[in-house]
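One structure is given below, encoded as structure tokens.
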Amino acid sequence: MSTEAQSVYDFRNGFLQDVHLDSEQNDSNPKEEFLNKYVQILIDAEEFTDFNLLQYESTGSRNARLQLDGYYYDELEDCLGLFLCQFDDSPQPKTLNVTDSKTLFGRMKNFVRDSRNGFILKNGEESSAGYGLAYDISKRYSTVSKFKFYILTDMIMSSRIKDIQGATLEDAETEYFIWDITRLQGLIESKSGKEDIVINLEDFGVDGIPCLEASKGDDYTAYLCNIPGKVLADIYNKYGGRLLEGNVRSFLTAKGKVNKGIRNTILNEPGKFFAYNNGIAATAYNISTQPGTHSLLITEITGLQIVNGGQTTASLANAIIVDKARANNLENIFVPMKLSVVDPEDAAVLIPEISRYANSQNKVSEADFFSNSPFHIRMEEISRRLLAPAVNGNQYRTHWYYERIRGQYKQDQAKMTKSAKDKFRMENPPKQVITKTDLSKYYNLYQMKPDKVSLGAQKNFIQFANWAADEWKNHEAVFNDEFYTKIICLDILFKTIDDIVRHAPWYNSGYKAQIDAYTMGWLFYLIKEEHPGYVLNFKDIWLKQSVSAHLRTQLQELSRIVNDTLLDPSRGVDNVTEWAKRAACWDGLKDKKVGLTPEFVSELIPEELEKERNKAAEKEQKEINKATALIDVYNYGTANWKKVMDWGIANHIFNDRDISFLKIASTSGKVPSDKQAVKIMEVLQKAKEESYPD
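Heads up: the sequence shown is residues 377 to 1070, going by the working numbering.
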């Protein structure tokens, strides 16, 4: 066996071992765990942003086989993605050959055809998950621009499978993706945490993009470029949302992809586009260049990410399709582009910062809540020091690891020895990792917003981010140990609901995500409505690291009612996944009169007790802030404080009060009080905002 083959073999064995371990711990189907794990990796890598589990298998028209394991709809690309999971699970990896791939893709295409021709709607079971999607494909998605078909497998793709050329299906374009175990290994082991897009400019009809090297630093090189509008549009139409840095994608999802002003310039004054438009800012991991007639040409770009100018890009891409007759193939349109080339290892830190500064003049910076925001940094800090109680006979306590940056948990272990890695995973169990999207989902369910959570991870995150950003400005001390402990308890609660639903006799492998969300949101609603003045006992969940038997029984009953309600034939929308996104769905559940069990109610605690705990935690956080500020003032050093003061005075930045604080900090032997230390650090922040060269 070659070294490369051995590497794939070892990776696959390790991956499947984790799958079976999760399956045993969750008492679940290995294929379901495999699919969940696979999908989460691809979402983290921004291959797509959402996924709805939908396991459907049937016989269609002309005895054709239909099969699906999930789907998503991407409104930015007007694209429907369909998935089939080919989980082999054999001791030795098998080969996925050309015939296999055609067969599997064919089953998904058959589903689309039989949705459009009415076969499934006529012959299918209305309560099945597949029926709802078939209805939407025939109605709601009847004019979708593109279908993307995905095969996810632990097999190895045959080298005979080359690029699969897309053809039209039901008047829509098609794209085909095979994610085999080798490709998955490459993604997981990549420095960037993504599968790099390599753009060869010749493929888009040009020798290259004219550019000028503008700046060079230790960790990046910047170029000023002039990219033809058609080239930019074609690149976006090929790669779609994968080109957009996550924050920009969030903004476009919330605000819409086409800007009327930009569209007007494209159609009516294309020759002035360069003058009127601010252009785009982008990053890349690597570029290839060659001398051109008049300037340097960029001939190839690896890892292109647009960090500002998403609406410009999307508007051009939209015009070349929707306004084809008037857009004149985007002739005479050129777009200014600032391109920063960064090392993949620095990308996780640098790209969000580049994006933040590039978007500092618009609403993106407020809406998308960057990984480097103080909120996420504090959650990370708390998670690294807060120890959960030892339970189930364990002689050690563990952390609930907060993953502030995508892939951080894996990256923290990257250079560890095996013994160090084992120790790390014992202290920070994989099952106790909480991501930014997890946190936002749990808290919004606690706030009784299951309809918002059902919109998908990205939209839900924006909802939470807007609330948290405002709350941080006004009451940052509420984000403390007690807050993070509550998030952990919500994680335990959510996973308990998920386990209950998965093993319920009434569950038929559909809409688990929606049932989970509505059950959790409804629990908090019923407590509030039926027992005002009382709340869930989070401290009990924290101390036991599990829910009580009475709460579990209550959740079993609520989840069954939620399932029946979501599947009610009289619901407002046939597709349950879409129905769950509507406020009307949530209103209907809230109208149901269901008395909570006396046994569970007896475990509730007075709301005043929780308020006292929150107040004490907030007070403690303020003390931590003071102590941290005192340490930061001392570590910064009197000489540096003197420089800050001199710079601010010379540039007329500081008022008399600011200067008085800086005099304390810059005087050797003088120790500020806790409150003074906080004010001194605020003055330093003021200086940085005024461009102090720290």
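Idealized CB from N, CA, C, for every residue including glycine.
All values reported here derive from a predicted model rather than from experimental measurement.
Outcome for residue i when other beta-carbon atoms lying within 10 angstroms are tallied against a minimum of 16
i, result
"Lys862", "buried"
"Trp882", "exposed"
"Tyr552", "buried"
"Glu906", "exposed"
"Glu453", "buried"
"Gly617", "buried"
"Gly593", "exposed"
"Asn738", "At Asn738, the pLDDT of 48 sits below 50, so the modelled position is not reliable; the number obtained from the coordinates is stated separately. So Asn738 ends up on the exposed side."
"Pro806", "exposed"
"Tyr448", "buried"
"Tyr1010", "exposed"
"Asn836", "buried"
"Ile532", "buried"
CA nearest to the CA of residue i, picked from the options
i, options, result
"Thr811", "Tyr432, His752 and Lys791", "His752"
"Tyr385", "Ser466, Ser437 and Glu453", "Ser466"
"Glu380", "Ile758, Arg559 and Glu933", "Arg559"
"Glu433", "Met484, Glu408 and Glu571", "Met484"
"Ile937", "Asn951, Leu965 and Leu985", "Leu965"
"Asn439", "Pro406, Glu422 and Asn499", "Asn499"
"Ser591", "Leu715, Asp583, Ile537 and Asn486", "Leu715"
"Glu803", "Asn684, Pro765 and Ile781", "Pro765"
"Gly832", "Gly1013, Ser816, Glu996 and Val698", "Ser816"
"Asn653", "Gln666, Gly886 and Ile638", "Ile638"
"Ser978", "Leu1006, Lys969, Gln930 and Ala1041", "Gln930"
"Asp1070", "Ile758, Val1020 and Lys567", "Val1020"
"Asn493", "Lys478, Gln443, Leu545 and Leu444", "Leu545"
"Gly482", "Gln443, Tyr448, Tyr511 and Lys606", "Gln443"
"Thr1014", "Ala993, Ser1044 and Asn576", "Ser1044"
"Gln1052", "Arg1033, Thr872, Tyr1068 and Ser1067", "Arg1033"
"Tyr910", "Phe976, Asn856 and Asp967", "Phe976"
"Gln541", "Lys478, Ser503 and Glu571", "Lys478"
"Ala959", "Val829, Leu643 and Thr793", "Val829"
"Val415", "Asn602, Thr529, Tyr599 and Gln382", "Thr529"
Residue range of the beta strand (DSSP E) that includes residue i
i, result
"Ser591", "Ile585 to Lys592"
"Met713", "Phe710 to Val718"
"Val683", "Gln681 to Asn684"
"Leu706", "Run containing Leu706: none; DSSP gives neither H nor E here."
"Ala1003", "Counting along the chain, Ala1003 falls outside any beta strand (DSSP E), though it belongs to the alpha helix (DSSP H) covering Glu983 to Tyr1012."
"Gln789", "Gln789 -> not in any beta strand (DSSP E); alpha helix (DSSP H) instead, spanning Gln784 to Gln789."
"Tyr599", "Tyr596 to Pro604"
"Asp1071", "Lying outside 377 to 1070, the shown extent of the chain, residue 1071 is not represented and no answer is given."
"Thr675", "Leu672 to Thr678"
Spatial distance of residue i from residue j (CA atoms)
i, j, result
"Ile878", "Leu458", "Checking the sequence, you will find Arg at residue 878 rather than Ile. Roughly 23 Å between the two C-alpha positions."
"Val949", "Arg489", "22 Å"
"Ile527", "Asn412", "14 Å"
"Ile677", "Trp776", "39 Å"
"Lys786", "Val395", "16 Å"
"Asn694", "Asp963", "37 Å"
"Gln462", "Asn770", "38 Å"
"Trp1071", "Tyr818", "Absent from the structure is residue 1071, since the part of the chain shown begins at 377 and ends at 1070."
"Asn389", "Glu408", "17 Å"
"Leu866", "Val923", "10 Å"
"Lys522", "Asn820", "32 Å"
"Gly562", "Asp719", "18 Å"
"Asn748", "Arg780", "8 Å"
"Leu934", "Asn913", "18 Å"
"Leu430", "Thr953", "10 Å"
"Ser568", "Thr941", "43 Å"
"Phe391", "Tyr887", "26 Å"
"Leu472", "Ser534", "6 Å"
"Asn613", "Phe487", "25 Å"
Residue i: first and last residue of the uninterrupted alpha helix (DSSP H) it sits in
i, result
"Met331", "Residue 331 lies beyond the range of the chain shown here (377 to 1070); nothing can be said about it."
"Gly909", "Looking at the DSSP string, Gly909 is not in any alpha helix (DSSP H), and its letter there is neither H nor E."
"Glu555", "Sequence check: residue 555 is Trp here, not Glu. Segment Glu549 to Trp555 is the beta strand (DSSP E) holding Trp555; no alpha helix (DSSP H) there."
"Ser1042", "Asp1032 to Ser1042"
"Ile459", "The sequence shown places Phe at residue 459, not Ile. Segment Cys455 to Gln462 is the beta strand (DSSP E) holding Phe459; no alpha helix (DSSP H) there."
"Asn644", "Lys636 to Asn644"
"Leu869", "Asp857 to His879"
"Ile496", "Phe495 to Asn499"
Any chain C beta carbon closer than 7 Å to residue i
i, result
"Ala510", "Any reference to chain C falls outside this structure, which holds one protein chain only."
In the segment 384 to 418, which residue ranges form an unbroken alpha helix (DSSP H) of at least 4 residues, counting only runs that do not cross its ends?
none
Sequence ranges, alpha helix (DSSP H) only - wholly within the segment 907 to 943, length at least 4:
914 to 920 and 925 to 942
What runs of the alpha helix (DSSP H), each 4 residues or longer, lie entirely inside the segment 952 to 977?
952 to 955, 959 to 966 and 974 to 977
Output the residue ranges of the alpha helix (DSSP H) runs that lie fully inside the segment 766 to 843 and measure 4 residues or longer, sorted by chain position.
784 to 789, 794 to 803, 812 to 822 and 826 to 829
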